[in-house]
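Residue numbers (the working numbering), protein chains in the order written: chain V, 4 to 381; chain D, 121 to 518.
Just so it is clear, CB atoms sit at the ideal spot from N, CA and C, and this is done for glycine as well.
As the structure is a prediction and not an experimental result, all values here were calculated from the model.
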Amino acid sequence: MDFNFTEEQTMVRDGLTRLVRESYDFETRRGVIESDSGWRPELWAQIAEMGLLGMPFSEEDGGFGGGAIDSLVVMEEFGRGLVVEPYVPTVVCAGGFFKHAGSAEQKEEHIGGIVDGSRVYAFAYAEPRGRYDLADLETTAKKDGDGYVLNGHKAVVIAAPWASHLIVTARTSGERRDHDGISVFVVDKNADGVVTRDYPTVDGRRASDVYFENVSVGADALIGEEGKALPLIELVVDEATAAQCAEACGAMKCAQEMTVEYSRQRKQFGTPIGKFQVLQHRMVDMFVEYEQSVSMAYLATLKLGESEVERKSAVSAAKVRIGQAAHHVGQEAIQIHGGMGMTDELAIGHYFKRLTIFDAEFGNVDHHMKRHIALASG
Amino acid sequence: MNLDFSTEETAFRNEVRTFIEENYPKNVSADGLRDDLSPEDMVAWHKVLGEKGWSVPAWPAEYGGTDWTPTQRYIWSEENARINAIMPLPFGASMVGPVIYTFGNEAQKEQHLPGIRSGDVWWCQGYSEPGAGSDLASLKTTAVRDGDHYVINGQKTWTTLAQHADWGFFLCRTDPDAAKPQEGISFILVDMKSPGIEVRPIKLIDGGYEVNETWLTDVRVPVENLVGEENRGWTYAKFLLAHERSGIAGVARSKRAVEQLREIADKELLDGKPLMQDFDFARKVSQLDIDLAALEITELRTLAGEEAGRGPGPESSILKIKGTEIQQRLTELTLEAVGHYGTPYYRDLSDAGSNEYPIGPDYAQHAAASFFNMRKTSIYGGSNEIQRNIISKMILGL
Ligand SMILES: Cc1cc2nc3c(=O)[nH]c(=O)nc-3n(C[C@H](O)[C@H](O)[C@H](O)COP(=O)(O)OP(=O)(O)OC[C@H]3O[C@@H](n4cnc5c(N)ncnc54)[C@H](O)[C@@H]3O)c2cc1C
Ligand SMILES: Cc1cc2nc3c(=O)[nH]c(=O)nc-3n(C[C@H](O)[C@H](O)[C@H](O)COP(=O)(O)OP(=O)(O)OC[C@H]3O[C@@H](n4cnc5c(N)ncnc54)[C@H](O)[C@@H]3O)c2cc1C
């Protein structure tokens, strides 16, 4: 058993801590999320230069030979800074599909573009009526000559306004919610018939509702095997979920530390409010929730390479536990800040919002509890 | 003991229901966010009620109250909640009004009560300061006597809707040397148009602007605006806080919100079936029903006590704690129900639902903002920690 990070991972963490501290202080972030574009392509380029976008890819795929633990390190630090740049959609999701199932040409083109930062991807999987079921798809891809024609509507596609390409799940055969008949495509966002409705999100990111109106793609747009993509999608979403769990841990850590610090500074009744035992115990519970969450993020990440059942069970357990903790820590942080916690001006409210929305990504507590029960009962 | 309404009470319910149906301003929808409403919309129903004589039912009849029993007032609030009516703002009708008719002089009653009843005068509450929140008695804003004026200096904060206010009631320190901080405070009415008052908006986490910083610099206020006696303001403030708490349970409104939550969960799908049919979700909604039932009967017991002549005591802290926890849980479950469409920030996307390419269902659009906003309820009006301290001290004797 070994819970230590490698020397490279520690270096990456230190580099990111510095980057977040120097280029992602709260006021800078506010300026960025309120700007027209809502992100910083130049920072993305800098992150690419640091080699971070290539870490989880093998050397033969053009990466630096790391894996999911590297993504955990990156996302924990991103969580601390509430970094909005699209590491999970681009590197973990799109990168994951190409890594696991891309053809040699696809790997060269797309992983190359991810690693050098020239391409940004968003993952269009959720649908307005599908909730968190990855197979509940109304988007269709119909065979048309060598290629396909896509039609459908994807909901709340994070980072889509910044993306050059979309990874799209669609039904090539079968009925809604059938496990067979699902395929994955990579689509140029500028393709004819792709309509995006862009908007900010409550947690400071950007997203789009994406409509596909008779979008024609070639045979080379298909990733992996036609109609057999659900296990692949589940694997990639589990990897993304684990990374997102790490992000939540980073954000929770900051929220917890900020609250303790605030309770030291804020005086009422002639004493720092941190001297009130009711608040002390509540902050202790926040800390315990955070520690439990870190353990679960490790568990999920370390099980990603295990059997399907073990992997899913661990990821769902983590998403349940961290989802609960994220709600708890976020809400307590606001309460202990009092009125100040309600203001847009303080960072704490922004951590609270990110921690709230975390639950709805890649399946909420109830969704993962159900999956965990189903796996446990065989 | 029984829970039935009497024949008279049922007749009363029918009467007010009909009145509401016929007179509620058609263009004032309360289903959105409060701060989407114009100031005129916010007082529209108040004005109608003012004319009817129903805007301040809890006041004694001689000051324009309705002489309804507490149970009738409860029915009244339930019937209004049924349509999510925008009720008279509390600052005039349930806060300063009762202070003025209880402790004010005849001139003050004559000057202020009619405008509060009619809804023509908008009031705000100037209690909290940056350094004085839960510890309100530590407030520093001073009022210094200068001839027949007070000169007020200081900073108030969290002043709700002060941007629209005509008048404010302020707690100011008039005796800095008093033996206890509570003893040197006065309750002063201030015309918000007085020179030296500056109201600066505060943006909240949901993106709205419902509170303000209120800066007072050499604001001259005639001494006639002192309510009651100088340095006795704390007594009046505490009287008012008890009034503020008794309305805060919001049972009727929460019941209506549970219904709305069920309607949303009937439309949302899980595995192709309504979310409301999902056991895990249904269980959480029923838990709310159950908690609300407990709160409702507790409130009715409190009301019965009032009917028997006991004022709202420390028990009203129970109503504040449970009422706000339920309101928060409701918005949390509503956000959960709408799934992915809780994530977009709709505030600047007024056409989100109506466009050719809509962003989510209409009912999703306020879910996140409401959830974020409702965190305030366990902080203001005496935080829930302070309420627990009150119960612990006043009831448990600890
Ligand atoms: C089954 C059992 C086995 C035990 N085995 C051992 C043993 O092997 N060796 C041994 O030495 N002792 C043992 N103990 C004793 C145990 O350590 C004491 O019960 C414990 O320290 C609590 O002391 P107390 O029972 O006097 O409760 P008290 O100290 O009187 O506490 C009463 C309550 O007040 C709370 N409380 C006390 N102080 C504070 C504070 N500062 N802040 C907040 N809350 C507070 C406590 O948490 C508790 O809820 C055992 C007890 C039990 C029940
Ligand atoms: C949206 C909103 C609207 C408001 N509107 C108005 C208004 O119109 N007029 C007005 O005057 N005020 C208003 N307030 C202010 C409100 O009354 C204060 O926020 C409240 O009294 C808490 O004070 P604080 O924010 O300074 O928090 P603090 O008092 O600093 O409290 C911070 C935390 O410490 C806890 N705490 C404090 N003391 C104790 C203790 N002794 N034991 C245990 N825990 C403790 C609190 O419960 C809280 O969790 C409003 C506030 C909000 C958020």
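Chain D contact for residue i (CB, 9 Å cutoff)
i: V/Lys-192; result: no
i: V/Val-198; result: yes
i: V/Lys-356; result: yes
i: V/Glu-348; result: yes
i: V/Ala-377; result: no
i: V/Arg-369; result: For the sequence presented, residue 369 of chain V should be read as Asp rather than Arg. By this cut-off, V/Asp-369 is an interface position.
i: V/Met-345; result: yes
i: V/Gly-352; result: yes
i: V/Pro-92; result: no
i: V/Lys-102; result: no
i: V/Thr-20; result: no
i: V/Thr-2; result: Here chain V comprises residues numbered 4 to 381, so residue 2 of chain V is not present and cannot be evaluated.
Distance CB(residue i)-CB(residue j) smaller than 9 Å
i: D/Val-458; j: D/Pro-434; result: no
i: V/Phe-355; j: V/Gly-341; result: no
i: V/Ser-74; j: V/Val-87; result: no
i: V/Ala-251; j: V/Ala-300; result: yes
i: D/Phe-359; j: D/Pro-190; result: no
i: V/Tyr-128; j: V/Ile-50; result: no
i: V/Pro-164; j: V/Ile-36; result: no
i: D/Thr-334; j: V/Val-205; result: no
i: D/Val-176; j: D/Pro-208; result: yes
i: D/Phe-401; j: V/Asp-369; result: yes
i: D/Ser-314; j: D/Val-341; result: yes
i: D/Tyr-291; j: D/Leu-256; result: Contrary to the premise, residue 291 of chain D reads as Leu rather than Tyr in this sequence. Closer than 9 Å, so yes.
i: V/Trp-97; j: V/Tyr-135; result: Looking at the sequence shown, residue 97 of chain V is not Trp but Ala. No.
i: D/Arg-137; j: D/Arg-202; result: yes
Min CB distance residue i to chain V below 9 Å
i: D/Asn-204; result: no
i: D/Asn-504; result: yes
i: D/Glu-388; result: yes
i: D/Leu-455; result: yes
i: D/Asp-468; result: yes
i: D/Arg-320; result: no
i: D/Asn-332; result: no
i: D/Ile-499; result: yes
i: D/Leu-408; result: no
i: D/Leu-395; result: yes
i: D/His-460; result: yes
i: D/Leu-324; result: yes
i: D/Tyr-477; result: yes
i: D/Gly-173; result: no
i: D/Gly-392; result: yes
i: D/Phe-491; result: yes
Closer than 8 Å: residue i CB and nearest ligand 2 heavy atom
i: D/Gly-370; result: no
i: V/Tyr-135; result: no
i: D/Gln-245; result: yes
i: V/Tyr-90; result: no
i: V/Asp-347; result: no
i: V/His-340; result: yes
8 Å contact criterion, which residue i and residue j should meet: CB distance rounded
i: V/Arg-174; j: V/Thr-143; result: 5 Å
i: V/Leu-233; j: V/His-182; result: 5 Å
i: V/Val-240; j: V/Leu-137; result: 6 Å
i: D/Ile-441; j: D/Gln-507; result: 5 Å
i: V/Lys-102; j: V/Phe-67; result: No, V/Lys-102 and V/Phe-67 are not in contact; Cβ-Cβ is about 13 Å, not under 8 Å.
i: D/Gly-253; j: D/Lys-260; result: Actually they are not in contact, since the Cβ atoms of D/Gly-253 and D/Lys-260 sit about 13 Å apart, beyond 8 Å.
i: V/Glu-364; j: V/Gln-247; result: 6 Å
i: V/Gly-230; j: V/Ser-316; result: 26 Å between Cβ atoms; not a contact.
i: V/Gly-410; j: V/Gly-57; result: Nothing in the structure corresponds to residue 410 of chain V, since chain V is present only between 4 and 381.
i: V/Lys-2; j: V/Leu-169; result: The requested residue 2 of chain V is not part of the displayed model; chain V covers only 4 to 381.
Residue i: CB within 8 Å of a non-hydrogen atom of ligand 4
i: D/Ala-252; result: Because ligand 4 does not appear in the structure shown, any question about it cannot be addressed here, the ligands present being ligand 1 and ligand 2.
Residues that residue i contacts on chain B, provided the C-beta gap is smaller than 7 Å
i: D/Pro-464; result: Checking the listed chains, one finds no chain B in this structure; the protein chains it contains are V and D.
Ignoring anything shorter than 3 residues or poking outside the region 223-299 of chain D, list the beta strand (DSSP E) runs there in chain order. 243-246, 262-266, 269-277 and 287-293
To test your reading of the DSSP string, which unbroken alpha helix (DSSP H) runs of 4 or more residues are found completely within the region 200-266 of chain V? none
Can you list, in chain order, the stretches of the beta strand (DSSP E) that have 3 or more residues and sit fully within the region 41-123 of chain V? none
Which ranges does the beta strand (DSSP E) cover as unbroken runs of at least 3 residues, wholly within the region 309-380 of chain V, from first to last along the chain? none
In the region 423-460 of chain D, which residue ranges form an unbroken alpha helix (DSSP H) of at least 4 residues, counting only runs that do not cross its ends? 436-457
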